[in-house]
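In the numbering used here, the protein residues as written are 1292 to 1388. Positions of the beta carbon are idealized from the N, C-alpha and C atoms, including for glycine. The structure under discussion appears below in the form of structure tokens.
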Amino acid sequence: MPDDLNKTELITILREEGFGNKSRENGIDRLTSVLHGEGVAIDCPLEPRRVAMQKHIQRNWTRIRTQLPHCNGKCLTYGCPDAIVTGCWLRFKDEII
1292 MPDDLNKTEL ITILREEGFG NKSRENGIDR LTSVLHGEGV AIDCPLEPRR VAMQKHIQRN
1352 WTRIRTQLPH CNGKCLTYGC PDAIVTGCWL RFKDEII
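Okay, here's the thing in structure tokens:
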């Protein structure tokens, strides 16, 4: 694996390899060690919101799919950027809470 991967690339690779969404507060060295199976990284603080949104979207998919034109309702696996997750949360938080 190339040593010149940036933090975003490492987080994406970890998510795609099944390690979950990791926080951007982790350093590149820590993310790299997790990828090599040698360490533990802090999970993304938005994970509880992703879980809640995915459940909400799945329960209400027929009603809200037109409000989310580029969304497949897979908040945990699709890997929307944190800004998109935050925007979705703000849009639906009153329905979710």
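In this structure, does DSSP put residue 1334 in helix, strand or coil? Per DSSP, reduced to three states, the secondary structure at residue 1334 is strand.
Open item on the list: Which of the three DSSP states is assigned to residue 1313 in this structure?
Closed with: When secondary structure is reduced to three states using DSSP, residue 1313 falls in the strand class.
Review point. When the Cβ atoms of the segment 1345-1354 are set against those of the segment 1362-1382, are three or more pairs found closer than 8 Å?
Key: Yes, they touch.
May I ask you to report which of helix, strand or coil DSSP gives residue 1378?
Three-state result, residue 1378: helix.
Beta-carbon spacing of residue 1243, residue 1319 below 9 Å: This structure gives no information on residue 1243, because the portion of the chain shown stretches from 1292 to 1388.
With DSSP collapsed to three states, give me the class of residue 1395.
There is no way to answer for residue 1395, as the model of the chain reaches only from 1292 to 1388.
Per-residue DSSP class, three states only, for residue 1366: Judged by DSSP in its simplified three-state form, residue 1366 adopts helix.
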